[in-house]
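Quick notes on the structure that follows.
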Amino acid sequence: MKHTKQWVALGCAVLLVLVTGISCFFIGKEYEAAQNRKEQELNVLLNRSELEGLGNVEGKIYVTGHKSPDSDTVCSSIAYAALLQKMGYDAIPVVLGGINKETEFILKEAGVETPALLEDASGLNFVLIDHGDYSQSADGMDKANIISIIDHHNNGTVQTGNPIIYDARPLGSTGTIVWIRYRNYGIEPDKQTAFLLVGAILSDTGNFQSATTTTADREAVNALCDLAGISDKDALYRDMYKKSISYEGMSDEEIFYSDYKEYEVGGKKYSIGCISVYDEDDAKDMSERMKKIVPQAAATGMDMAFAQINIFHDGISRTFIVPSDDTAADVIRSAFPDVTFDGVSFNFNPGMSRKQVLVPAITPVLESLSE
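What follows is the structure, given as structure tokens:
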């Protein structure tokens with residue numbers, strides 16, 4: 369009996385230790401979780417505090433991408449306007465031109481209307497998405513109240529007299545930056561917005577085939593696909609790409625200007641029109657067609673122009689550059705000494721990004737021409 373009581377007492381002591389240990393474990397976990405929630409809430413508070421610096425914005429805030437709008441610029445504008453709306457701002461997305469067939473497809477699949485067309489920015493409040501150059505923005509933007517620039521390119525020509533929120537990151541898509549800002553503000557995109565951002569990122573990174581792709585872009589798509597209910601992002605991209613290479617009913621000039629940007633460096637003005645095709649035969653055909661269009665584009669106030677014809681799908685990566693004249697061709701040769709020229713276009717394998725490869729490569733060449 370004595371030994372039995374001792375064993376019972378010992379068992380009770382062990383049980384007490386176990387219960388205490390387990391209780392302490394869960395209390396510790398709850399404390400850790402509470403601390404994490406507190407830290408997250410603080411981070412959100414700190415990130416949102418930047419909005420205080422904008423003060424009271426009178427009137428609507430127009431959120432717009434660049435001229436010749438592509439999928440990243442349109443979808444990111446819609447998504448960022450939605451974020452501002454959730455923060456209590458009277459924000460509205462707009463476009464600065466007709467949208468292309470790929471963007472049209474993404475909006476239709478997401479169940480979202482095409483934003484209204486804006487022609488004059490004078491006197492209005494703006495958030496600029498996917499650009500920071502006056503030449504790529506709406507007329508009258510130099511007379512607008514620009515409160516934010518959200519971009520993934522180089523710093524542009526836009527200047528403001530007031531403090532702004534400027535978020536420029538070297539990521540594959542502006543859509544990824546918008547997703548990060550949703551996270552920073554502690555807000556989850558709705559299903560439609562998540563779908564738009566997936567489309568934006570897949571489009572600008574060529575389904576992660578572009579050299580501009582980063583870990584952030586991949587993580588963004590993974591998270592957003594879950595929210596959007598997208599089970600096969602590769603299938604979505606294939607459908608997008610088929611639409612992007614459909615130029616039915618468009619003239620060669622309209623094709624060139626469908627994804628077009630102007631630049632200025634070292635006193636030299638130039639432009640690049642990007643075109644997507646399916647295979648090398650299509651690229652050769654398009655190069656011949658653009659050979660007639662690019663000199664005309666250069667004659668509209670540019671020193672030179674280039675047509676960039678890309679193949680980015682199913683692991684294929686090729687780029688063909690058509691120069692406007694001999695001077696433009698010499699610029700490409702100086703920037704890429706080993707590139708081959710077939711008499712019409714320069715051929716690059718693998719392909720290249722306009723933003724991350726072509727523009728940075730020809731910039732120092734053009735600067736040297738002005739010296």
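One rule links them: number in the working numbering = place in the sequence shown (from 1) + 368. The beta carbon of each residue, even a glycine, is placed where N, CA and C say it ideally should be. Here the structure is a predicted model, which is why all the values come from computation and not from measurement.
task: Using three-state DSSP, classify residue 641 as helix, strand or coil.
output: strand
query: Whose C-beta lies closer than 7 Å to the C-beta of residue 659 among residues of the same chain, with five residues either side of it excluded?
result: 690 and 712
message: Using a 10 Å radius around the Cβ and a threshold of 16 neighbouring Cβ atoms, would you call residue 601 buried or exposed?
response: buried
query: beta strand (DSSP E) containing residue 685: first to last residue?
result: 684 to 691
- prompt: Under a three-way DSSP split, which group does residue 458 fall into?
  reply: coil
message: Just verifying my parser: in three-state terms, what is the DSSP assignment at residue 651?
response: helix
- request: Report the residue from 484, 454 and 603 whose alpha carbon sits nearest the alpha carbon of residue 557.
  value: 454
query: Applying the criterion that 16 or more other CB atoms from any shown protein chain within 10 Å of the CB defines a buried residue, is residue 709 buried or exposed?
result: exposed
Start-end ranges of the alpha helix (DSSP H) lying completely within the region 557 to 620, minimum 4 residues: 559 to 573, 583 to 596 and 601 to 612
query: Can you find at least 3 beta carbon pairs, one from the region 558 to 568 and one from the region 436 to 445, that sit closer than 8 Å?
result: yes
- prompt: Between the Cα of residue 651 and the Cα atoms of 616, 687 and 627, which residue gives the shortest distance?
  reply: 687
field: Status (buried if at least 16 other CB within 10 Å, exposed otherwise) for residue 405
entry: exposed
task: Figure out for me which residue from 495, 464 and 575 has the closest Cα to the Cα of residue 533.
output: 495
query: Around the Cβ of residue 677, are there at least 16 other Cβ atoms within 10 angstroms (buried) or fewer (exposed)?
result: buried
Spatial neighbours of residue 623 in its chain, beta-carbon cut-off 7 Å, leaving aside the 5 residues before and after: 615 and 643
message: Considering just the uninterrupted stretch of the beta strand (DSSP E) at residue 523, what are its terminal residues?
response: Where residue 523 is concerned, there is no enclosing beta strand (DSSP E), given that its DSSP letter is neither H nor E.
Burial state of residue 468, where buried means 16 or more other Cβ atoms lie within 10 Å: buried
query: If we ignore side chains and look at the alpha-carbon of each, how far apart do residue 632 and residue 707 end up?
result: 24 Å
- request: Express the C-alpha separation of residue 480 and residue 692 in angstroms, rounding to a whole number.
  value: 38 Å
- prompt: Would you call the region 590 to 604 and the region 692 to 701 in contact, with 3 or more CB pairs under 8 Å?
  reply: no
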